[in-house]
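Heads up, the thing below is written out as structure tokens.
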Ligand code: MLT
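In this note's numbering, the protein residues as written are 55 to 318.
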């Protein structure tokens, strides 16, 4: 896996395929391999760049007790584009990756040619949500990553899950550093409302949501789609919070037709 260095950290990323560049940002607490079905399906059509966000997969974590803001992840992604000499990209993110995509859009809107938001939301956490994040970050500190390995897979996947995918997700979560997960949890707690960013965005937008997503359900997707004129909203039947993995064919079809104008 290629790497680059930023502020003393080693950051891993995938860079595969040929065509217009698409930067894809993974969900919490996963890593870039989440995009394997898209990397395989679009090999001859798109150049897909997928970083392991700071602390996840093979990328270095910040020191224990740190908070990683969504804008920190976005700055790493922008530095990666600079490292690769890429000015403009289509940008996609799922869930936490969507929060990061919106943070990137806030910083450098001119670098985003098209936007894909999957199973995410533009709103900040309410007080109860913030409290829950604090408890999770604290539990990660005392009990380790098993806090998430036990509770998250059933929330991420439509039930009953596909056994092989369920096992893969559990494996990925168990390998995640508890410190990095806590740092990102604190960052998600502190993220701000992104309605203003989307309201200003005038480019193409595809919003995707799994039919059974219980974390960021259809109403959240609808809210984002309604804000951007000409946007497309696609509900993926049978999927939960991770439709790109649960129903890759349907997800890829939506992505392919949305990005067709970019391929000319
Ligand atoms: C994710 O899948 O990235 C997380 O569930 C996002 C969140 O907890 O808000």
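Here a beta-carbon is modelled for each residue, glycine too, at the ideal position from N, C-alpha and C.
Within-8 Å CB hit, residue i to chain D
i	result
residue 185	Structure shown: chain D not included; a single protein chain is present.
Heavy atom of the ligand MLT within 7 Å of residue i beta-carbon
i	result
residue 81	yes
residue 269	yes
residue 149	yes
residue 295	yes
residue 124	no
residue 176	no
residue 242	yes
Option in the options with minimal Cα separation from residue i
i	options	result
residue 277	106, 175, 90 and 122	175
residue 113	299, 300 and 68	68
residue 181	242, 139, 308 and 72	242
residue 246	184, 133 and 229	184
residue 170	77, 274, 200 and 270	77
residue 61	172, 84, 95 and 134	134
residue 119	264, 286, 93 and 196	196
residue 152	295, 186 and 301	295
residue 83	205, 270, 304 and 227	227
residue 91	311, 315, 303 and 317	303
residue 217	308, 100 and 300	300
residue 240	209, 194 and 289	194
residue 257	97, 267, 316 and 150	316
residue 203	293, 230, 94 and 58	230
residue 111	95, 73, 223 and 149	223
residue 298	55, 73 and 89	89
residue 109	63, 136 and 283	63
Inter-residue CB distance, residue i and residue j (contact presumed, cutoff 8 Å)
i	j	result
residue 104	residue 81	With 8 Å as the limit, residue 104 and residue 81 do not qualify as a contact, their Cβ atoms being about 12 Å apart.
residue 259	residue 144	With 8 Å as the limit, residue 259 and residue 144 do not qualify as a contact, their Cβ atoms being about 11 Å apart.
residue 167	residue 142	5 Å
residue 262	residue 173	7 Å
residue 139	residue 100	Actually they are not in contact, since the Cβ atoms of residue 139 and residue 100 sit about 17 Å apart, beyond 8 Å.
residue 186	residue 268	That belief does not hold up - the Cβ atoms of residue 186 and residue 268 are roughly 14 Å apart, past 8 Å.
Residues near residue i by beta carbon distance below 8 Å, same chain, minus five either side
i	result
residue 154	79, 107, 124, 127, 128, 131 and 147
residue 254	163
Close Cβ partners of residue i (< 6 Å) along its chain, the five nearest in sequence each way excluded
i	result
residue 291	265
residue 165	142
residue 5	It is not possible to answer for residue 5, since the shown part of the chain is limited to 55 through 318.
residue 397	The structure shown has nothing for residue 397, since the chain only spans 55 to 318.
Own chain partners of residue i with C-beta closer than 7 Å, once the 5 adjacent residues on each side are dropped
i	result
residue 274	175
* So, do the region 186-206 and the region 219-236 have three or more beta carbon pairs nearer to each other than 8 Å? -> yes
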